[in-house]
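The listed protein sequences correspond, in order, to chains A and B. Here the first sequence is numbered in our numbering, starting from 254 and rising by one per residue. Here the second sequence is numbered in our numbering, starting from 254 and rising by one per residue. We put the CB at the ideal spot given by N, CA and C, even for glycine. In what follows, a structure is listed as structure tokens, so that the remarks can point back to it.
Protein chains: 2
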Amino acid sequence: MTTKFAARTSIEQVEEGNDLAPKFDANGLIPAVTTDAHTGELLMVSHMNAEALSKTIETGEAHYWSRSRQALWHKGATSGLVQTVKELMIDDDQDCVWLKVDVAGGASCHVGYRSCFYRRIPLGEDAAHLEFTDTEKVFDPKQVYGDAPNPTKL
Amino acid sequence: MTTKFAARTSIEQVEEGNDLAPKFDANGLIPAVTTDAHTGELLMVSHMNAEALSKTIETGEAHYWSRSRQALWHKGATSGLVQTVKELMIDDDQDCVWLKVDVAGGASCHVGYRSCFYRRIPLGEDAAHLEFTDTEKVFDPKQVYGDAPNPTKL
Chain A
254 MTTKFAARTS IEQVEEGNDL APKFDANGLI PAVTTDAHTG ELLMVSHMNA EALSKTIETG
314 EAHYWSRSRQ ALWHKGATSG LVQTVKELMI DDDQDCVWLK VDVAGGASCH VGYRSCFYRR
374 IPLGEDAAHL EFTDTEKVFD PKQVYGDAPN PTKL
Chain B
254 MTTKFAARTS IEQVEEGNDL APKFDANGLI PAVTTDAHTG ELLMVSHMNA EALSKTIETG
314 EAHYWSRSRQ ALWHKGATSG LVQTVKELMI DDDQDCVWLK VDVAGGASCH VGYRSCFYRR
374 IPLGEDAAHL EFTDTEKVFD PKQVYGDAPN PTKL
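Encoded structure:
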């Protein structure tokens, strides 16, 4: 099974219609926002290509495109922290999707935190120093990923 | 006042440190995810350049970079639907920010809906037909934006 996407023919079709007609960017990607289906917390922001979106729709498990590895990324394939999609939404101009997920193991961040967003930027300062809002790791990345290269790029 | 960003010197600094050292992409942009500070609902996903992020930190009001208009975008300058930032977060590798906002007027979507995400993609279908989860518009875009060009691109 391969999910078929509609051609984009008019603004009315894209914004007010029922056709799934996603707009992938020049690199063939669409941003994907992932929240916890129960708490609503933002877990991660990543990207999908057409295949990842299609696989996510077909399997109900989150698939992304890893830009650092340049490969289809079945989230949890290495870590076991699979994301089961409870609801999948698309935005007005269909260039972004939103996944509400259940996370096996409760963690989504390769650093070991529950969410990738564990630091706050204070407002009204000209040299901002980040404040940690979460200091407890859910898992030890070394144990889970071993010697796999860190996806963070400088 | 101009917010100063730190240079990115190590993965440890970026992931586990207190320096604000955002990574802008080849176009000088970083994705920005905006949720309602009270309901947690995802309102919109857009982009910031360094100036937009700096202005957001300094003023506490959401500023983005409009890719369709290629201009700094003080959200609400046209519509009056200003977003007051209650909390600003950054992710593990500092290439994405999360704004939790109060929205004047309660709407964030140029189509007139409360959120840009008003349609669901059903799972497990090979030719997905979108389902509307919100059918009530908060405002009439024609009244608010008049003849301004629609930002949606085909």
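So residue i packs on residue j, CB below 8 Å; how close in whole Å?
i, j, result
"residue 286 of chain A", "residue 286 of chain B", "6 Å"
"residue 264 of chain A", "residue 349 of chain A", "No, residue 264 of chain A and residue 349 of chain A are not in contact; Cβ-Cβ is about 16 Å, not under 8 Å."
"residue 314 of chain A", "residue 327 of chain A", "7 Å"
"residue 381 of chain A", "residue 374 of chain B", "Contact doesn't hold; Cβ gap of about 37 Å is too wide."
"residue 303 of chain A", "residue 281 of chain A", "7 Å"
"residue 360 of chain B", "residue 338 of chain B", "Between residue 338 of chain B and residue 360 of chain B the Cβ distance is about 17 Å, and since that is not below 8 Å, they are no contact."
For residue i, write down the residues that DSSP places opposite it in a beta bridge.
i, result
"residue 325 of chain A", "A:318"
"residue 343 of chain B", "A:372, B:350"
"residue 386 of chain B", "None; residue 386 of chain B has no bridge partner."
"residue 400 of chain A", "DSSP, once it has assigned bridges, lists no residue as partnering residue 400 of chain A."
"residue 355 of chain B", "B:337"
Does the distance from the CB of residue i to the CB of residue j come in under 9 Å?
i, j, result
"residue 376 of chain A", "residue 272 of chain B", "no"
"residue 358 of chain A", "residue 333 of chain A", "yes"
"residue 387 of chain A", "residue 368 of chain A", "yes"
"residue 405 of chain B", "residue 400 of chain A", "no"
"residue 291 of chain B", "residue 301 of chain B", "no"
"residue 262 of chain B", "residue 352 of chain B", "no"
"residue 260 of chain B", "residue 274 of chain B", "yes"
"residue 295 of chain A", "residue 342 of chain B", "yes"
"residue 336 of chain A", "residue 329 of chain A", "yes"
"residue 344 of chain A", "residue 370 of chain B", "yes"
"residue 256 of chain A", "residue 378 of chain B", "yes"
"residue 268 of chain A", "residue 267 of chain B", "no"
"residue 402 of chain B", "residue 299 of chain B", "no"
"residue 395 of chain B", "residue 407 of chain A", "no"
Tell me whether residue i counts as near the ligand FAD, meaning its Cβ is closer than 8 Å to at least one heavy atom of that ligand.
i, result
"residue 339 of chain B", "The ligand content of the structure shown is nil, which means the ligand FAD is not present either."
- [ ] Please list the residues of the region 340 to 357 of chain B that have a C-beta atom closer than 8 Å to any C-beta atom in chain A, keeping them in chain order.
- [x] 340, 341, 342, 343, 344, 345, 346, 349, 350, 351
Task: Interface positions of the region 373 to 405 of chain A facing chain B (Cβ-Cβ less than 9 Å), listed along the chain - done: 373, 374, 375, 376, 377, 378, 379, 380, 381, 382, 383, 384, 385, 386, 403, 404, 405
Task: Under 8 Å (Cβ pairs) to chain B, residues found in the region 264 to 290 of chain A - done: 264, 267, 268, 269, 270, 271, 272, 273, 276, 284, 286, 288
Task: Continuous beta strand (DSSP E) assignments of at least 3 residues falling wholly in the region 260 to 314 of chain B - done: As far as the region 260 to 314 of chain B is concerned, its whole beta strand (DSSP E) runs of at least 3 residues are 283 to 289, 295 to 301.
TODO: Pull out every residue of the region 320 to 340 of chain A whose Cβ sits closer than 8 Å to any Cβ of chain B, in chain order.
DONE: 338, 340
TODO: Quick one: which residues of the region 362 to 373 of chain A get their C-beta closer than 8 Å to a C-beta of chain B? List them in chain order.
DONE: 362, 363, 364, 366, 369, 370, 371, 372, 373
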